[in-house]
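J.: To start, I am sharing the structure in question, which I have written as structure tokens.
Spelled out as structure tokens, the structure:
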């Protein structure tokens, strides 16, 4: 009966309209908060500052600025999302570099001269994991695909992204074998995206300023690492790879994190008017998710998941999840990425995440004008069943 | 007769004295110039700036700040040390990342699924090349040692550092076979270290702000690349490795390079009093090299090379070379690194550069107080021949 779908658009006049790029998770949505609350907040670096490679030669992570370490710990305390006590903080050039550093450190710990350590993640997994693992064709580690299908013996590394990129689901490791090593990528475990149910307490936890505050251009990530020898090997990786991490970026990140922590304080303890960053962002995400759900309402072409409501320790109340990406499923047989591309909306195909082409991931963190245009176009896309031959 | 050497120190009172670390090439010497000339020069970054991953989506190197590209080209024009016309500028997190990016790009161009491309450099070579090439045990490329002994068939990559790290010698490629690819690491090809005899004009040229202006903490390097497909692959490497390069670091580097270019202008064209950076630094290097040569004068324990005088296009006159590192040879049979360590001077052993332990490399770019202390200790180290048994 309805084996094929024809897609029609109610307003066909958008051929000359601009393409909306929601392929990357570029967090430009946050510019508004910083313009409204931080118009006069800035960081000044004199020309004679931070010439040395070293930030603190006595620290295990010798290129970590002490002020950044302090603000990282302070922010986790304020957000309540991770345990920092008795952890080594390792700073990286974005969490990308820390993912590679963790793969290096954990596979070096295994020290098998012949067999590379398998790297797995449950599908749908972050689309960059396969490429990051294999681009240098390392003999230390190799991409082994979907953790749910993993049946090889021996040591392995499981990447657990929680909330998950692309689908926003809260995750735990799935392989759970004694020889397994787990890296928790917690880039999205912040109160604007999901309920903070407890302080995360894992062996290797990765965070990034990009998804926390929106400063993706800074390329600052950090790892909280329990085991000293793993932390040392991660530091070694960063030393060989880039001889440390930009001091300017670290100093700016420290200043941005400090402002956020300050914004979380009660009004009477703040030296200035500063809206709670997480609450502001949570409201903005809630609004966008509502716009998205409204746009696909009564449209059986698209399916958008619902998330459970949970108690959030940060908000001190029940909250919904508002992931940084929407993971949309089209009706069967439709290549969703292609469909959107036809409407000048760039998204990332489910195929890239180890899934079907019916799925796409699209960023919920674009600028307001792009997001509004996107929901406008989205609500105009309708599927009409036609009789197949 | 004098098969063994006993080393004595005239002042033995330095047991409680501080260790001087000249192992790394940490360019803290330059702090003085920036304090004297740039006390009031600084960069201010507002909190809402540079959130995006992208600097210029239309550029091949989409994460390169346009202002930095402009100032890089301007500085090369002022220094006269490299051709920038018809080159792609690729920015990296220090030149370390660019070395790896170049190895990736050039070996990917060969695209041999089985044999890794050999990476070679003439001894004494930069001590990090072997480790950088092999730390991830890539199947794309592998360290193959001294270029002077290289006799394997097939494609290879030769790293040519000129002036050379560790020994300051001006170099050209030595293997010179049709299947060879050459990366020119020109980190030290600036007027304070060596005569600028002509604008360098090679396929892949690497530079870093660390050794040019002293801002090693920024982690900013750049490549000038002739071939578009090589440049694209280098950009791809940096994209997978760190998703670009810190915007703060790039903006600061742009501002620092702008100041240097300005300092090179004739007095009447400068908006402020600003000593010519290269001339100032050249004088400082000349003074230090004189101190070093004086300290080892009439001491047959140490040998320090002499460099030819050459015509420098920048200085418009004959100049001597004053390398960023001293490459010192001890009398035969002495482990020079160990000898210095005994005197609380940390250096890097010749072994690390594919050479004998009689050699050490030591930084000439430390702070004044450390350098002065170093020459003081150095001049007190004397070798006395004793009769062996």
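Residue numbers (the UniProt record's numbering), protein chains in the order written: chain P, 1 to 389; chain H, 1 to 389. Heads up, the beta-carbon is just placed ideally off N, CA and C, and yes, glycines get one too.
Confirm, please, whether the CB-CB distance from residue 207(H) to residue 231(H) is below 8 Å.
T.: Here residue 231(H) corresponds to residue number 231 of the second chain, with the count starting at 1. Here residue 207(H) corresponds to residue number 207 of the second chain, with the count starting at 1. No, the Cβ-Cβ distance between residue 231(H) and residue 207(H) is not below 8 Å.
J.: Mapping DSSP to helix, strand and coil, what is residue 385(P)?
T.: Here residue 385(P) corresponds to residue number 385 of the first chain, with the count starting at 1. Since pLDDT at residue 385(P) reaches only 39, below the 50 mark, its modelled position is unreliable, and no value is offered.
J.: What is the DSSP secondary structure of residue 328(P), reduced to helix, strand or coil?
T.: Within the first chain, numbered from 1, the residue matching residue 328(P) stands at position 328. Strand, per DSSP.
J.: Mind listing, in chain order, the continuous alpha helix (DSSP H) runs of no fewer than 4 residues lying wholly within the stretch 196-260 of chain P?
T.: 209-213 and 228-242
J.: When you compare only the Cα positions, how much space is there between residue 288(P) and residue 294(P)?
T.: What you label residue 288(P) is simply residue 288 of the first chain in a count that begins at 1. What you label residue 294(P) is simply residue 294 of the first chain in a count that begins at 1. Roughly 10 Å between the two C-alpha positions.
J.: Buried or exposed for residue 281(P), please, with buried defined as at least 16 other CB atoms from any protein chain shown within 10 angstroms of its CB.
T.: Counting from one through the first chain, the residue named residue 281(P) turns up at place 281. Per the 10 Å Cβ criterion, buried.
J.: I'd like the list of long-range same chain contacts for residue 65(P), defined as Cβ closer than 8 Å, with 5 residues on each side in sequence excluded.
T.: Translated into positions along the first chain, residue 65(P) becomes position 65. So the list reads 55, 56, 91, 247, 250, 251 and 254, once near-sequence residues are dropped.
J.: Taking the beta carbon of residue 179(P) as the centre, do at least 16 other beta carbons fall within 10 Å, making it buried, or is it exposed?
T.: Position 179 of the first chain holds residue 179(P). Counting Cβ neighbours within 10 Å, residue 179(P) comes out exposed, since fewer than 16 surround it.
J.: Starting from residue 157(P) and walking both ways along the beta strand (DSSP E), at which residues does that stretch end?
T.: Position 157 of the first chain, counted from the first residue, corresponds to residue 157(P). Per DSSP, residue 157(P) belongs to the beta strand (DSSP E) from 156-161.
J.: Hey, could you find the ends of the beta strand (DSSP E) residue 362(P) is sitting in?
T.: Reading the first chain from its first residue, position 362 is the one you call residue 362(P). Run containing residue 362(P): 359-363, per the beta strand (DSSP E) assignment.
J.: Are the C-beta of residue 97(P) and some C-beta of chain H separated by less than 8 Å?
T.: Translated into positions along the first chain, residue 97(P) becomes position 97. By this cut-off, residue 97(P) is an interface position.
J.: Would you mind reading off the limits of the alpha helix (DSSP H) that contains residue 368(P)?
T.: Translated into positions along the first chain, residue 368(P) becomes position 368. Residue 368(P) -> alpha helix (DSSP H) spans 368-380.
J.: Hey, could you find the ends of the beta strand (DSSP E) residue 142(H) is sitting in?
T.: Numbered from 1 along the second chain, position 142 holds the residue referred to as residue 142(H). 141-146 is the extent of the beta strand (DSSP E) around residue 142(H).
J.: Quick check: the Cα distance between residue 196(P) and residue 310(P), rounded to an integer number of angstroms?
T.: Taking the first residue of the first chain as position 1, residue 196(P) is located at position 196. Taking the first residue of the first chain as position 1, residue 310(P) is located at position 310. Taking the straight line from one Cα to the other gives about 9 Å.
J.: Our contact map puts residue 38(H) next to residue 220(H) with C-beta atoms below 8 Å; I'd like the distance itself, whole angstroms only.
T.: In the second chain, counting from the first residue as 1, residue 38(H) sits at position 38. In the second chain, counting from the first residue as 1, residue 220(H) sits at position 220. Rounded, the Cβ-Cβ distance is 17 Å, inconsistent with contact.
J.: Can you check DSSP and say which residues form a bridge with residue 181(P)?
T.: On the first chain, residue 181(P) is found 181 positions in, with the first residue counted as 1. Answer is 157(P), bridged to residue 181(P).
J.: Got a sec? Which residues, its chain only, sit under 8 Å from residue 214(H) by beta carbon, not counting five neighbours each side?
T.: Residue 214(H) sits at position 214 when you count from the first residue of the second chain. Counting only Cβ-Cβ distances below 8 Å, and skipping sequence neighbours, we find 27, 28, 29, 30, 31, 33, 34 and 365.
J.: Residue 211(H) versus chain P: which residues are under 9 Å apart at the beta carbon?
T.: As a position in the second chain, residue 211(H) is number 211, starting the count at 1. Neighbours of residue 211(H) in chain P, taken as residues whose beta carbon is under 9 Å from its own, are absent, since the nearest beta carbon is some 11 Å off.
J.: Closer than 8 Å by C-beta to residue 116(H): which residues in its own chain qualify, once you throw out the five before and the five after it? Chain order, please.
T.: On the second chain, residue 116(H) is found 116 positions in, with the first residue counted as 1. Once the five neighbours on either side are set aside, the close Cβ partners of residue 116(H) are 107, 138, 139, 140, 141 and 142.
J.: DSSP state of residue 51(P), grouped into three classes?
T.: Here residue 51(P) corresponds to residue number 51 of the first chain, with the count starting at 1. Note: residue 51(P) maps to coil in three-state DSSP.
J.: Using a Cβ distance threshold of 8 Å, determine whether the stretch 148-158 of chain P contacts the stretch 110-127 of chain P, with at least three qualifying pairs required.
T.: yes
J.: Within 10 Å of its beta-carbon, does residue 149(P) have 16 or more other beta-carbons around it, so buried, or fewer, so exposed?
T.: Translated into the one-based positions of the first chain, residue 149(P) becomes position 149. Its Cβ having fewer than 16 others within 10 Å, residue 149(P) is exposed.
J.: Return yes when the Cβ of residue 338(H) is within less than 8 Å of the Cβ of residue 303(H), no when it is not.
T.: Position 303 of the second chain, counting from 1, holds the residue named residue 303(H). Position 338 of the second chain, counting from 1, holds the residue named residue 338(H). Cβ distance not < 8 Å, so residue 303(H) and residue 338(H) don't count as in contact.
J.: Locate the alpha helix (DSSP H) running through residue 133(H), then write down its first and last residues.
T.: Within the second chain, residue 133(H) is the residue found at index 133, counting from 1. 128-134 is the span of the alpha helix (DSSP H), which, as asked, contains residue 133(H).
J.: In the DSSP assignment, find the unbroken beta strand (DSSP E) run with residue 88(P) in it and report its ends.
T.: Translated into the one-based positions of the first chain, residue 88(P) becomes position 88. 88-93 is the extent of the beta strand (DSSP E) around residue 88(P).
J.: Beta-carbon within less than 7 Å of residue 371(H)'s beta-carbon, same chain only, minus the 5 sequence neighbours each way: which residues are those?
T.: Here the question's residue 371(H) lines up with position 371 in the second chain. 288, listed in sequence order.
J.: Please say whether residue 203(H) and residue 182(H) have beta carbons closer to each other than 8 Å?
T.: Locating residue 182(H) in the second chain gives position 182, counting from the first residue. Locating residue 203(H) in the second chain gives position 203, counting from the first residue. Yes, these two residues count as a Cβ contact at 8 Å.
J.: Around the Cβ of residue 386(P), are there at least 16 other Cβ atoms within 10 angstroms (buried) or fewer (exposed)?
T.: Here residue 386(P) refers to the residue found at position 386 of the first chain. With a pLDDT of only 30 at residue 386(P), under 50, the local geometry of the prediction cannot be trusted, and no value is derived from it.
J.: The alpha helix (DSSP H) that contains residue 342(P), what's its start and end?
T.: Against the first chain, residue 342(P) aligns to sequence position 342. 336-342 is the span of the alpha helix (DSSP H), which, as asked, contains residue 342(P).
J.: Within 10 angstroms of the Cβ of residue 81(P), are there 16 or more other Cβ atoms? Answer buried if so, exposed if not.
T.: Here residue 81(P) refers to the residue found at position 81 when the first chain is read from its first residue. Residue 81(P) should be labelled buried.
J.: Closest by CA to residue 354(P), which one among 270(P), 144(P) and 101(P)?
T.: The residue labelled residue 354(P) in the question sits at position 354 within the first chain. It is 144(P) whose Cα lies nearest to the Cα of residue 354(P).
J.: Let me make sure I understand the geometry here. Which of 290(H), 238(H), 306(H) and 363(H) has the alpha-carbon closest to that of residue 325(H)?
T.: Translated into positions along the second chain, residue 325(H) becomes position 325. Checked all of 290(H), 238(H), 306(H) and 363(H); the closest Cα to residue 325(H) is 363(H).
J.: First and last residue of the alpha helix (DSSP H) that includes residue 322(P)?
T.: Here residue 322(P) refers to the residue found at position 322 of the first chain. Here residue 322(P) belongs to no alpha helix (DSSP H), and DSSP marks it neither H nor E.
J.: Buried or exposed for residue 242(H), please, with buried defined as at least 16 other CB atoms from any protein chain shown within 10 angstroms of its CB.
T.: To locate residue 242(H), count along the second chain from 1; it is residue 242. When all chains shown are included, residue 242(H) counts as buried.
J.: Report the CB separation of residue 19(P) from residue 346(P) in whole angstroms; it is logged as a contact under 8 Å.
T.: Start at 1 with the first residue of the first chain, and residue 19(P) comes out as number 19. Start at 1 with the first residue of the first chain, and residue 346(P) comes out as number 346. Yes, they are in contact, since the Cβ atoms of residue 19(P) and residue 346(P) sit about 6 Å apart, within 8 Å.
J.: Assuming residue 44(H) and residue 44(P) form a contact by the criterion Cβ under 8 Å, report the distance between their Cβ atoms to the nearest whole angstrom.
T.: Taking the second chain and counting its residues from 1, one reaches residue 44(H) at position 44. Taking the first chain and counting its residues from 1, one reaches residue 44(P) at position 44. Between residue 44(P) and residue 44(H) the Cβ distance is about 5 Å, and since that is below 8 Å, they are a contact.
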